[in-house]
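Chemist: Here it is, the structure in full.
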Amino acid sequence: DTAVSQTPKYLVTQMGNDKSIKCEQNLGHDTMYWYKQDSKKFLKIMFSYNNKELIINETVPNRFSPKSPDKAHLNLHINSLELGDSAVYFCASSRGTGGTRGNTIYFGEGSWLTVV
Amino acid sequence: AQSVAQPEDQVNVAEGNPLTVKCTYSVSGNPYLFWYVQYPNRGLQFLLKYITGDNLVKGSYGFEAEFNKSQTSFHLKKPSALVSDSALYFCAVRDTRGQNFVFGPGTRLSVLP
Chain Z
1 DTAVSQTPKY
11 LVTQMGNDKS
21 IKCEQNLGHD
31 TMYWYKQDSK
41 KFLKIMFSYN
51 NKELIINETV
61 PNRFSPKSPD
71 KAHLNLHINS
81 LELGDSAVYF
91 CASSRGTGGT
101 RGNTIYFGEG
111 SWLTVV
Chain P
1001 AQSVAQPEDQ
1011 VNVAEGNPLT
1021 VKCTYSVSGN
1031 PYLFWYVQYP
1041 NRGLQFLLKY
1051 ITGDNLVKGS
1061 YGFEAEFNKS
1071 QTSFHLKKPS
1081 ALVSDSALYF
1091 CAVRDTRGQN
1101 FVFGPGTRLS
1111 VLP
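So the protein lines, in turn, are chains Z and P. Here this note's numbering is used: the first residue of the first sequence is 1, the next is one more, and so on. Here this note's numbering is used: the first residue of the second sequence is 1001, the next is one more, and so on.
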């Protein structure tokens, strides 16, 4: 059983298009994240939701909009895609937030986005 | 602000030899430290974590890590490397608000047969 699943795994699209990446977790966690991994493999947080409420919103272009319909889902929508958006996007989840710093974050398999 | 350094971009080791992947951190308060592994075209897999207690933490696939508070280090170790251990390894620290991980830049481990 997949704990954190995201679709699609691979996405090739043209500049200017709008695309979405979907994420679902079946771990019963109440915090979900989107991370971006660039071509040099650096990982950086983009967004975090706790019980459908946005708690982290890093410096990300407003073309990126997360949506959390419920605490098991966190989707990422990207408008007007640019070449520089090409990266691997990882969804993740953990139990709790705030004082629960010992909780592990579990990652999905990643979505490889290529903008041409 | 918290930060994580992995001073080696690449570590090469012969199969059967012990391996060490280094990590140093900077965080205010008690550190909560994690190691993850990423195989090609895969997501990050959790290996182990240090929260409190024994300085030597045991994790998945025979890996262990040693927490050293005075040296602010959390090095990943394995007594006998396997070719299948070849992957990208990330050290991470939980931020003081507990809302996010700060990842190191990653170390690529190559185990040579």
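Note that beta-carbon positions come from the ideal geometry of N, C-alpha and C, so glycine has one too. Being a predicted model, the structure only gives us computed values, none of them experimental.
Report the residue from Z:R95, Z:G96, Z:I56 and Z:V116 whose alpha carbon sits nearest the alpha carbon of L83 (chain Z).
Modeler: Z:V116
Chemist: Would you call the CB atoms of V1004 (chain P) and F1103 (chain P) closer than 8 Å?
Modeler: yes
Chemist: Confirm, please, whether the CB-CB distance from S20 (chain Z) to L54 (chain Z) is below 8 Å.
Modeler: no
Chemist: State buried or exposed for A87 (chain Z), treating a residue as buried only when at least 16 other CB atoms are found within 10 Å of its CB.
Modeler: buried
Chemist: Look at the Cβ atom of A1065 (chain P), then the Cβ atom of V1013 (chain P), and state whether they are nearer than 8 Å.
Modeler: no
Chemist: Along the beta strand (DSSP E) that carries A72 (chain Z), what are the first and last residues, could you check?
Modeler: No beta strand (DSSP E) holds A72 (chain Z); DSSP gives it neither H nor E.
Chemist: For G1106 (chain P), return the contacting residues in chain Z, with the cut-off set at a CB-CB distance below 7 Å.
Modeler: Neighbours of G1106 (chain P) on chain Z, chain order: K41.
Chemist: Please list, in chain order, all residues of the same chain as S94 (chain Z) whose beta carbon is under 6 Å from its beta carbon, the five residues on each side excluded.
Modeler: Cβ within range, chain order: H29, T31, N103 and I105.
Chemist: Flag K1049 (chain P) as yes if its beta-carbon sits less than 8 Å from any beta-carbon of chain Z, otherwise no.
Modeler: yes
Chemist: Go through its chain and collect everything with a Cβ distance to E1015 (chain P)'s Cβ below 7 Å, but skip five positions before and after it.
Modeler: A1081, L1082, V1083, V1111, L1112 and P1113
Chemist: Look at the Cβ atom of Q37 (chain Z), then the Cβ atom of F90 (chain Z), and state whether they are nearer than 8 Å.
Modeler: yes
Chemist: With a threshold of 8 Å between beta-carbons, can G1043 (chain P) be considered close to chain Z, or not?
Modeler: yes
Chemist: Consider the Cβ of I78 (chain Z): report whether some Cβ of chain P lies at a distance smaller than 8 Å.
Modeler: Not one beta carbon of chain P lies nearer than 8 Å to the beta carbon of I78 (chain Z).
Chemist: Residues in its own chain within less than 7 Å of H73 (chain Z) by CB, not counting five upstream and five downstream?
Modeler: These residues qualify, in order along the chain: C23 and E24.
Chemist: Can you pull the DSSP bridge partners for I21 (chain Z)?
Modeler: Z:L76
Chemist: I want to verify the contact list: residues of chain P whose CB lies under 9 Å from the CB of E109 (chain Z), in sequence order.
Modeler: N1041, R1042 and G1043
Chemist: Nearest-angstrom Cα distance between K71 (chain Z) and P1018 (chain P)?
Modeler: 42 Å
Chemist: Could you tell me how far apart the beta carbons of A1087 (chain P) and F1034 (chain P) are, in whole angstroms, since I believe they sit closer than 8 Å?
Modeler: Not a contact, Cβ separation roughly 16 Å.
Chemist: Give a yes or no on whether the C-beta atoms belonging to L1056 (chain P) and V1021 (chain P) are separated by under 8 Å.
Modeler: No, these two residues do not count as a Cβ contact at 8 Å.
Chemist: How many Å lie between V1037 (chain P) and F1046 (chain P) at the Cα?
Modeler: 7 Å
Chemist: Under 8 Å, do I56 (chain Z) and S48 (chain Z) count as touching if we go by C-beta distance?
Modeler: yes
Chemist: Under 8 Å between the Cβ atoms of W112 (chain Z) and Y35 (chain Z)?
Modeler: no
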